[in-house]
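Peer 1:
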Amino acid sequence: MTFRPITLPPKDLDSLTKIQSSLVLPRFNSDDAWTIGNRLRSRLVEHSTPAVISILLASTPVPRVLFHTTTRPGTNPDNDIWVARKARTAFRFGVSSYYMGRKFSMNDTEFATKYGIGPEEVSGYAIHGGAVPIRVKDVEGVVAVIVVSGLSQEEDHGVIVEILEQYSKGQDS
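Residue numbers for the sequence shown follow the numbering used here, so the first one is 410 and each next one is one higher.
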């Protein structure tokens, strides 16, 4: 099987904002999560590096897991910790974890200071690519977050955007 390279995201915030605003879905439910998750897995199984894919529904007190899998043997518990940290960032700020990383030039200290996140709490967030919020037309706020952990942060982010763009085009038809 030949691996198709993942399109890497732009680094400027304006382009990232434009991409994010184009990814508003007409609906999102557990069937959509299943389809998107399986498409991500099919796309990433080509990659030699193992990854974790997780789709989490916004719910209180903790996000509800709608989809969670690995692409191949070799992931470890640290991937799941990264999933939780990236997801927490996307849920709290309503933008991708990659966007937050670019906004703060990957400076965790500056990020924590700006938002008053204490030293004990900052480890619960990750400003590295791989968590993309899901928005639904006419619904306020983030309804879910898709997370990939295991590749480079640019690839983690890029593959989610790639699959969401394809999926949203199919939903519009």
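Glycine included, every Cβ here is placed at the ideal spot set by N, Cα and C.
Please go through the same chain and pick out, in chain order, the residues whose beta-carbon is closer than 7 Å to the beta-carbon of Val-492, but skip the five residues on each side of it.
Peer 2: Val-461, Ser-463, Val-556 and Ser-558
Peer 1: Per DSSP, Pro-542 is paired with what?
Peer 2: Val-554
Peer 1: In whole angstroms, what is the alpha-carbon distance linking Val-568 and Thr-416?
Peer 2: Taking C-alpha positions only, Val-568 is separated from Thr-416 by approximately 7 Å.
Peer 1: So is Asn-488 buried or exposed if we call it buried at 16+ other beta carbons inside 10 Å?
Peer 2: buried
Peer 1: Within 10 Å of its beta-carbon, does Glu-529 have 16 or more other beta-carbons around it, so buried, or fewer, so exposed?
Peer 2: exposed
Peer 1: Using alpha carbons as the reference points, say which of Leu-422, Leu-453 and Trp-443 lies closest to Glu-571.
Peer 2: Leu-453
Peer 1: So, for Ile-543: in the same chain, excluding its five sequence neighbours on each side, which residues have a beta-carbon less than 6 Å away from its beta-carbon?
Peer 2: Phe-437, Val-552 and Ala-553
Peer 1: Does the separation of the CB atoms of Tyr-507 and His-566 fall below 7 Å?
Peer 2: yes
Peer 1: Measuring alpha carbon to alpha carbon, tell me which residue in Ala-467, Pro-419 and Phe-476 is nearest Leu-444.
Peer 2: One point to set straight first is that residue 444 is Thr, not Leu, in the sequence displayed. Residue Phe-476 is the option with its Cα nearest to Thr-444.
Peer 1: Quick one: what's Ser-431 bridged to in DSSP?
Peer 2: Residue pairing of Ser-431 in beta bridges, as defined by DSSP: absent, with no partner found.
Peer 1: Residues bridged to Arg-473 by DSSP?
Peer 2: Leu-466
Peer 1: Taking Ala-540 as the reference, give the member of Pro-414, Gln-429, Ser-439 and Leu-434 with the closest Cα.
Peer 2: Gln-429
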